Amino acid sequence: MSLLILGIESSCDETGVALVRSADTGVPVLLSHALHSQIEMHQAYGGVVPELASRDHIRRVLPLATQVLTDAGQTLADVDVVAYTQGPGLAGALLVGAGVACALGAALGKPVLGVHHLEGHLLSPFLSADPPEFPFVALLVSGGHTQLMRVDGVGRYEILGETIDDAAGEAFDKSAKLMGLGYPGGPALSRMAQQGDATAFKLPRPLLHSGDLDFSFAGLKTAVLTQAKKLGDELEARKADLAASTEAAIVEVLVKKTLAALKQTGLQRVVVAGGVGANRLLREQLNTACSKARVRVHYPELHLCTDNGAMIAMAAAMRLQAGQQQANTAYAFDVKPR
Ligand code: KG4
Ligand code: ZN
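To convert a position in the sequence shown, counted from 1, into this note's numbering, add 1030.
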């Protein structure tokens, strides 16, 4: 049966809405998607202000829904399932997407489905022109999570290792902040790093030789802070070098641990997902390492690495197709911030 799924993402600072069409078999197809980023609004505060985020989601979500329907030549009445991000994320922000999804569902008499935000990221490479095949190793690197997973199918996920403290995106963001590079830190630090020398500062590669697949980035952030303090007035002139050294440290750990996960599982395919998956150096180094090891690497398209509605609609479509979850008409939306 063909299903038209409207997906809504509102867990943090991006309002995303998308339409995906699924059939009984085959990879579901993205028909249209629209995104409103709140980055400019939060920039003045150096980070996301939850109350402002919620209010802006409310302003944006219905116009975006109208836009994706128009772009795809569909109407609200054509929608079969309304999917929304259930969590994790900011509670008030999540409530906007969940509230709107359930209200639309109730008004249309159509079922709704709550989606795990990370499953959205994990399955986002299926939105690309060259989607992966199961099984694969997944490196999930976002602002809140860093995990290596074995993925055998939809809903069949085994965590092989994860961060014991900060996430990779957090390491980028916090290091960028203490270098005065602003928010969001990842892209800013990465841009600055392009003009720097990655060997200029010796920074730690935490847990690189721990023998397991866990990560730790808190110590790296402290080392960057110590280095920045030591530089004092010189920091301004050495910012690019410090940024490049920080990026190299984070990327080296991510790449080596991913290779270790491939070795441990014997799998020959890796999927990278989450905001940090947009990082240029990570892509370069992982591509080089994987082509040497004859392993295929899949990424989401660059603009679908960070939060978006397409990945939520896609995850819902794949869940429904696999019979892993049923959409429901309870409309008793419960968000799960953590
Ligand atoms: O997946 P995402 O959009 O949101 C979460 O679910 O957390 O990831 C956001 C994270 C932020 O930490 C951001 O700094 C990081 O992804 N990020 C990057 C890049 N683009 C986004 N980090 C490094 N390099 C990038 N190009
Ligand atoms: Zn995310």
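The beta carbon of each residue, even a glycine, is placed where N, CA and C say it ideally should be. Nothing here was measured: the structure is a model prediction, and the numbers come from that model.
- For Asp-1337, the shortest separation between its Cβ and any heavy atom of the ligand ZN lies below 7 Å.
- Using a Cβ distance threshold of 8 Å, Gly-1076 and Tyr-1213 count as a contacting pair.
- Comparing alpha-carbon positions, the option among Leu-1106, Phe-1202, Gln-1315, Gly-1183 lying closest to Val-1057 turns out to be Gly-1183.
- Counting along the chain, the unbroken beta strand (DSSP E) around Thr-1045 starts and ends at 1044-1052.
- In chain order, Ala-1053 place their CB closer than 6 Å to the CB of Ser-1032, counting only its own chain and leaving out the 5 sequence neighbours on each side.
- Ranked by Cα distance from Phe-1363, the first of His-1066, His-1063, Gly-1135, Leu-1082 is Gly-1135.
- In the assembly as shown, Val-1059 is an exposed residue. Its beta-carbon has fewer than 16 other beta-carbons within 10 Å.
- A heavy atom of the ligand ZN is found nearer than 7 Å to the CB of Ser-1172.
- The continuous alpha helix (DSSP H) containing Arg-1221 extends over residues 1215-1223.
- C-alpha of Lys-1286 to C-alpha of Leu-1170: approximately 14 Å in a straight line.
- Ranking Leu-1138, Asp-1242, Ala-1201, Lys-1204 by CA distance to the CA of Ile-1189 puts Asp-1242 first.
- Distance from the Cα of Ser-1041 is smallest, within the candidate group Leu-1034, Asp-1086, Pro-1118, for Pro-1118.
- The three-state reading of DSSP puts Ser-1067 in strand, counting E and B together.
- Rounded to the nearest whole angstrom, the CA to CA distance from Leu-1208 to Glu-1314 is 26 Å.
- Separation of the CB atoms of Ala-1201 and Lys-1251 is rounded to 6 Å, and the pair is thereby assigned contact status at 8 Å.
- One alpha carbon belongs to Met-1179, the other to Ala-1137, and they sit about 39 Å apart.
- Residue state for Phe-1166 is assigned as strand, using DSSP reduced to three classes.
- In this chain, the beta strand (DSSP E) harbouring Glu-1188 covers 1186-1192.
- A residue is called buried once 16 or more other Cβ atoms fall within 10 Å of its Cβ, and Asp-1263, having fewer, is exposed.
- Annotation for Thr-1105: Leu-1099 place their beta carbon closer than 8 Å to its own, counting only its chain and skipping 5 residues before and after.
- The secondary-structure analysis by DSSP pairs Met-1179 across a beta bridge with Ala-1168, Ile-1189.
- Not one heavy atom of the ligand KG4 is found less than 7 Å from the C-beta of Val-1327.
- Pairing Gln-1073 with Gly-1185 gives a Cβ-Cβ distance that is not under 8 Å.
- Taking a cut-off of 8 Å on C-beta distances, the stretch 1192-1199 touches the stretch 1161-1176, as three or more cross pairs fall below it.
- Assigned with DSSP and collapsed to three states, Arg-1089 falls in helix.
- Distances from the CB of Gly-1305 to the heavy atoms of the ligand ZN include at least one below 7 Å.
- As DSSP reads the structure, Thr-1115 sits in a beta bridge with Val-1145.
- The beta carbon of His-1333 sits no closer than 7 Å to any heavy atom of the ligand ZN.
- DSSP places His-1328 within a strand segment (E or B) once states are collapsed to three.
- Under the 8 Å Cβ criterion, the stretch 1290-1298 does not count as touching the stretch 1264-1280, having fewer than three qualifying pairs.
- Residue Leu-1219 holds the alpha-carbon nearest to the alpha-carbon of Val-1281 among Leu-1219, Thr-1045, Arg-1324.
- Taking the Cα of Glu-1044 as reference, the smallest distance to any Cα among Val-1050, Pro-1165, Leu-1036, Glu-1070 is reached at Glu-1070.
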